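Protein chains: 2
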Amino acid sequence: MVTAVTTTEPRKRNRRGEGGKLREEIIAAAVALLDEGGDERAVTLRSVARKAGIAAPSIYAHFADQPSIMLAVVQQEMDRLAAALREADENAGQDARQRLFAVCNAYLDVARQHPQRYRIMFGGLWTPSVNDTSITDDDLESLGAEALTLLADVLGACVDQGIAHGSDDLYGDAVALWLGLHGLAHQRAVVRKMPGPADVADRLIKALAHLKA
Amino acid sequence: MVTAVTTTEPRKRNRRGEGGKLREEIIAAAVALLDEGGDERAVTLRSVARKAGIAAPSIYAHFADQPSIMLAVVQQEMDRLAAALREADENAGQDARQRLFAVCNAYLDVARQHPQRYRIMFGGLWTPSVNDTSITDDDLESLGAEALTLLADVLGACVDQGIAHGSDDLYGDAVALWLGLHGLAHQRAVVRKMPGPADVADRLIKALAHLKA
DNA sequence: TTCGTAGACTTACGGCCGTTAGCTTACGTC
DNA sequence: GACGTAAGCTAACGGCCGTAAGTCTACGAA
């Protein structure tokens, strides 16, 4: 984690061999702009430079162009999300039901804590332009693959412990469950006021995991 | 529906008293830009004017500013979506199961046929800026209210006909079902390749509507 | 102490944007 | 046919953007 991000004050040049640190500072600056509530249009090459306390062209030493910055942000946040899900699962013990809700709620929490980051990750505008340069559809697919296999794993545990109705395609059920979570998380990230009862999340999880009772 | 949208050729001035027609042409031009695959950044005041074959300042006779154009597009497409759902429901007969799948699939079809329009409607960038001018959170909420009550209605029919497990909160279930549909529709609109089996939609609907068997 | 070079900076160009101010044209009334 | 006015245009401003070209500077090895 980089600390000096919010400072607009003069910046100490990095020491020899540590020039790569600026790369992280740039990413952190972009994330900070998002967290301030601005949408992706607020994350311009120049605004990122201002936030990081550097001159705009200095970014080119670390990123080929502006979309590349967004891509780096997305990849970092995707890793963070996967780590959060893993951690929630590991801390949930052996009970399948607790594991299920722990992982799902962790997903929703990550989205709720940083709505703009979540919006960028899924459904961002960066997808098409980035496609021109480096990332492929398969890359995008593999980004969420880890989370999906974890979900499928937890769903399998639910079936094994007899608290959920079985299925012939656990991975497909995991995708369906994720889509439900995504719908809720995304909508929360976009609007300030959500329709429906407060326990929508639990309803979604129970229904999509085919929990008994 | 306005016809002459794609033409870049000289444009016939509207007759006296028909100046308002230009307003529809402007909206149609904005929609056309979206349908060409460009994201909302492609819908600029000037690009819309070019597409409509008029000079940029001529827009100000019909829209206060650029976000207002997007707002008009969203409202129009929301109405279209609601109409499509109603029509699907009316053509589905009396069988609750058929009504359910007809309405849900109509929703997914609308999103799939015009992905960019769908992205703008839900989760667009226009929300914050528009909020400064005219529209309120309640307006946004009421936009989808019609669709939600329709969904709740169909869910109630499923329970009445004994093909779904009952619930104490049909509206809450309708919201959950919509969130699932939205998750799928939005993800389809954003990525080109979806993970999971082909029948994810059916799985989502069955699970979230609590269909028996 | 010298000096090569990593790690930045300054300046500048061209482009598209939103928006304002003022002008032109032709419709339709009389 | 004259003419008021609706409908739309041209010109221009300032602003922010991405990016290229060249310059400075201080760290650390010799």
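Chains as they are written, first to last, in UniProt numbering: chain A, 1 to 213; chain B, 1 to 213. C-beta atoms are modelled at their ideal positions from N, C-alpha and C, and glycine is treated no differently. Since we're looking at a predicted model, the values are computed, not measured.
Counted as a single uninterrupted DSSP element, the stretch harbouring B/LEU211 is not any alpha helix (DSSP H), since DSSP gives it neither H nor E. For A/LYS51, the enclosing alpha helix (DSSP H) has its first and last residue at 45 to 52. Excluding the 5 residues flanking it on each side, B/GLY53 has same chain C-beta neighbours closer than 6 Å at ARG11, in chain order. Around the Cβ of B/GLU25, a 10 Å sphere holds 16 or more other Cβ atoms; the residue is buried. Counting only Cβ-Cβ distances below 7 Å, B/GLN75 has no contacts in chain A at all, with the closest Cβ about 16 Å away. Non-local beta-carbon contacts of B/MET194 in its own chain, meaning distances under 8 Å to residues more than five positions away in sequence, involve GLN187, ARG188, VAL200 in chain order. When the five nearest sequence neighbours on each side are left out, the beta carbons in the same chain lying within less than 7 Å of the beta carbon of A/PHE122 are those of HIS182, HIS186, in order along the chain. The CB of A/GLN116 never comes closer than 7 Å to any CB in chain B; the least such distance is about 11 Å. For A/SER68, the enclosing alpha helix (DSSP H) has its first and last residue at 66 to 90. A/VAL190 sits away from A/ILE120, with the two beta carbons spaced by 8 Å or more. The criterion of a C-beta distance shorter than 8 Å is satisfied by B/LEU211 and B/ALA164.
Exclusion of the five residues before and after A/GLY166 leaves VAL159 as the residues of its chain whose Cβ lies within less than 6 Å of its Cβ. Within the DSSP secondary-structure output, B/ALA147 pairs in no beta bridge. It is roughly 7 Å from the alpha-carbon of B/ALA42 to the alpha-carbon of B/LEU34.
The bridge partners DSSP lists for B/ALA164 are B/LEU211.
For B/ASP173, the enclosing alpha helix (DSSP H) stretches over residues 170 to 190. Within 9 Å of the CB of A/PRO67, no CB atom of chain B is found; the nearest one sits about 12 Å away. A/LEU177 and A/LEU204 have their C-alpha atoms roughly 8 Å apart. Exclusion of the five residues before and after A/ALA29 leaves VAL5, VAL48, LYS51, ALA52 as the residues of its chain whose Cβ lies within less than 7 Å of its Cβ. For the stretch 168 to 182 of chain A, residues whose beta-carbon sits nearer than 9 Å to a beta-carbon of chain B comprise ASP169, TYR171, GLY172, ASP173, ALA174, VAL175, ALA176, LEU177, TRP178, LEU179, GLY180, LEU181, HIS182. Residues of the stretch 190 to 202 of chain B that bring their beta carbon within less than 7 Å of a beta carbon in chain A comprise VAL190, VAL191, ARG192, LYS193, PRO195, GLY196, PRO197, VAL200, in sequence order. Close CB contacts of B/TYR60 within its chain, under the 6 Å cut and outside five residues either way in sequence, are absent. Look at A/ASN105 here: in three-state DSSP terms it is helix. When 7 Å is used as the limit between beta carbons, B/GLN113 is near no residue of chain A, the shortest such separation being about 18 Å.
Against chain B, the CB of A/ARG23 has no partner CB under 8 Å away; the residue lies outside that interface.
A distance of 8 Å or more separates the beta carbons of A/LEU179 and B/GLY172. At least one CB atom of chain B sits nearer than 8 Å to the CB of A/GLN187. If you draw a straight line from the Cα of A/LEU148 to the Cα of A/VAL31, it comes to about 25 Å.
Within chain A, the residues whose beta carbon sits less than 9 Å from that of B/PHE122 are HIS186, GLN187, VAL190, VAL191, listed in sequence order. Residues of chain A with a Cβ closer than 8 Å to the Cβ of B/ARG46 do not exist, since the nearest Cβ in that chain sits about 16 Å away. The beta carbon of B/LEU81 is closer than 8 Å to those of TYR107, VAL110, MET121, ALA147 in its chain, skipping five residues each way along the sequence.
Counting every other CB atom within 10 Å of its CB across the protein chains shown gives B/ALA198 a total below 16, marking it as exposed.
In the three-state reduction of the DSSP assignment, A/ARG23 falls in the helix class.
Under the Cβ criterion of 8 Å, A/LEU211 is not counted among the residues facing chain B. Listed along chain A are ALA176, ALA207, LEU208, HIS210, each with a C-beta nearer than 8 Å to that of B/ALA207.
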